[in-house]
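Data block below; observations after.
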Amino acid sequence: MTALRWPVAALVAAVALVGAYVALGGRDYAPAAVPNPCQPRDWHKVADFSDLENEVALSALDGAACRLHVPQPALALAFTSESRLRAFARRHDLSTPEIAAATRAGLERAISDGRRSGAINELEGIVLSAAADRVPVDQLIGLVRGVLGG
Amino acid sequence: MATSSTHTIPGVRSLPLSLGLAIAVATVLADSSVVVLALPDLLSSFDVSIERIAWVITAFNLALAVAAVPAAYLAVRAGAGRVAAAGLASFAAASAVCAAAGSFDVLLAARCVQAVSGAAVVCAALALMQEASATTHRGATAWAAAAAAGAALGPAVGGALTQAFSWRSVFAAQVPLALVPLGFLLVRGGLDGRAEEPPARGRPRISPNLALALVSAALTAALFLLVLLLVRAWGLDPLEAAAVVSAIPAAALVTARLVPPGSLSRGAAAAGVILIAGGLAALALVPSADIAWTLAPQVLIGCGLALTLPALTGDALAGRGSQTIHGGWTIGARHAGVVLGLVILTPIFTADLLTQQDAAQRSGTAIVLNSALSFDAKLRLGDAINHQLQQAQNRLPDLGLAFRAQHPSGADVPVYRHLRRSLSEQVRRAATHAFSRAFLVAAAIALAALVPVAAGRWERDA
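Going down the list, the protein sequences come from chains A and B. The first sequence runs 1 to 150 under the numbering used here. The second sequence runs 151 to 612 under the numbering used here.
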């Protein structure tokens, strides 16, 4: 029994310290989790074109990320340069048509979010949806890359 | 405890010589980790990859592990005094070459010579320190204590020297530490000693040596990863990091003073292993990137180190046959453990570092995208941050530069300030989290040492 005195005391000290660190949030001290892109996005108040551009881009990114099952920031970073987009496609085993389809779906989602928030009216929504359907794939990706600074 | 067959070397009963040898033993074993804080400096001095620069540490430990047992046999057959003298002279010369190395290959080769000479010094010193002490047990205890102190002090001393002077001073400082005991040995006629009688046949004690290897592998995380966490992830300079990690040797020193060496048996060894595992697990779970959170885990690790290393070393030396040879096995096991630790933990840490860089970039991007800035401002800021991330190259990015490049109008100033704080926090979280899995794996390795501690036949308990 005496032989166990040392290990038991050590175990108590070790468990107390580890337990205290877990209780103080040690397990959660990691980069913040990114929001689920498939959750509906509530638009902020749109006062001018810049606000509209902002909300459309974020909703479109959410929609595309949701379709591709990737985090929204990863897709945003991919769109910042052509080489990053290629690397992103390789990493997630995606073809250009798949990315284009997701980008179209993202734009549809943005238009739908905009309509729901009242920032885009019915007529604007129909025109924008038609445009999103007809823009060629490479131009569509180029447009999104342009908006995101690529 | 087996009796030593070492013959008295004339004049070796000298306190300065004994002290000098203890310092030489501590210096050799500190060398296993002494350049950890100098690695960034070494990287700047030589045009080599990060993976290659780590060989300054790996090569030393590998060479020491391989050379320890042959060096011990040599000390027994050729005489401990002669082997110690040759080892000390060669170690001093190799240290001088390391300090003056003009190319990475020269440095690496000199590190290997340092390790082989160091193995000779450490193994021969065991026999000489036992001769210098009133009892062989006391000599062995002093030798084990010097070895433990060297291992614990290595990163702190190396960091302080690197910051005060340069990485070259880490090696230059070792030259006199080897030459002084060599001088004592020559003056006191230590070379005249005879070789030991052919040692009685005795195999190395597997359990304590296996436990020592596992504990040393786990301690790699405390001595290497903790230093990297402080310097690379939390941005401390080497001197500050050295001050922080000195909590481990300080705790070890206090524990060694409080716990009488006679009480260090299987229970103490097991307790030490549990404390080391607990400290490492706590380092994996720090609640924030603040040095204060590393102190309690370091105290646990220091206490564990003071209980475990001398107890296991004492048991490993207690086998039949020459203690010098058992000492060689012990040193070999410890440094094989360090190499094992580096081999297991380095890939885990480097893989997690990349994963966490990705995670930080994603959470940072989400924060910027969802901020209250205008879209143009977000893009400008995103570009600037991206540029800093590319410039960082395995260092913490200086987000301040990205923010200083922006010129916010009055209303946006608090938004930028909040963003800067949030992004810096994400970077620190990611950098800290990158070390978590490696610390947890190290804790598991430490706990694995309980198996040989519990299963082995314990000489002192018998």
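Cβ coordinates follow ideal geometry from the N, Cα and C atoms, glycine included.
- The Cβ of B:Gln540 sits no closer than 8 Å to any Cβ of chain A.
- The beta-carbon of B:Gln556 is placed no less than 8 Å from the nearest beta-carbon of chain A.
- Contact residues of the segment 33–62 of chain A toward chain B are Val34, Pro35, Ser50, Glu53, Asn54, Ala57 and Leu58 (C-beta to C-beta distance below 7 Å).
- With a cutoff of 8 Å on beta-carbon distance, B:Ala277 and B:Thr474 are scored as near each other.
- Here B:Ala209 has Leu258, Arg261 and Cys262 as same chain residues with Cβ atoms under 6 Å from its own Cβ, once five neighbours each way along the sequence are excluded.
- Shown in chain order are the members of the segment 69–91 of chain A whose Cβ falls below 8 Å from a Cβ of chain B: Pro71, Gln72, Pro73, Ala74, Ala76, Leu77 and Thr80.
- Distance from the CA atom of A:Val127 to the CA atom of A:Ser112, rounded to whole angstroms, is 12 Å.
- In the DSSP assignment, B:Thr458 falls within the unbroken alpha helix (DSSP H) covering Ala442 to Leu467.
- Between B:Val185 and B:Gly308 a beta carbon distance of about 6 Å is seen, short of the 8 Å cut, so the two are scored as contacting.
- Pairing B:Lys528 with A:Ala102, the inter-Cα distance amounts to about 23 Å.
- A residue is called buried once 16 or more other Cβ atoms fall within 10 Å of its Cβ, and B:Thr582 is buried on that count.
- Taking 4 residues as the shortest admissible run, the segment 178–262 of chain B contains the following complete alpha helix (DSSP H) segments, listed from N- to C-terminal end: 189–195, 200–203, 205–228 and 230–250.
- Inter-residue distance for B:Leu332 and B:Arg571 is about 56 Å (C-alpha atoms, whole angstroms).
- Shown here for B:Leu597: same chain residues with a beta carbon closer than 8 Å to its own, the five before and five after excluded, namely Val423, Ile424 and Ala427 in chain order.
- The C-alpha of A:Ile120 lies about 21 Å from the C-alpha of A:Cys38.
- Note on geometry: alpha-carbon atoms of B:Asn359 and B:Ile173 lie some 23 Å from one another.
- Boundaries of the alpha helix (DSSP H) around B:Ser513: Gln473 to Leu519.
- Shortest Cα-Cα distance from B:Ala383 to any of B:Ser253, B:Leu467 and B:Ala542 involves B:Ala542.
- Annotated three-state conformation of B:Asn359 is helix, per DSSP.
- The C-alpha of A:Leu24 is placed about 18 Å away from the C-alpha of B:Phe585.
- Apart from sequence neighbours up to five positions away, the residues of its chain that approach B:His537 with a beta-carbon distance below 8 Å are Ala552, ordered along the chain.
- Assignment of B:Arg353 by DSSP, reduced to helix, strand and coil, places it in the coil class.
- In the structure shown, A:Phe79 falls within a coil segment according to DSSP collapsed to helix, strand and coil.
- Taking one beta carbon from each stretch, the segment 199–206 of chain B and the segment 469–484 of chain B have fewer than 3 pairs nearer than 8 Å; the two do not touch.
- If you draw a 10 Å sphere on the C-beta of B:Pro497, you find fewer than 16 other C-beta atoms in it, and that means exposed.
- Annotation: B:Ser199 to A:Leu123 spans about 59 Å, alpha carbon to alpha carbon.
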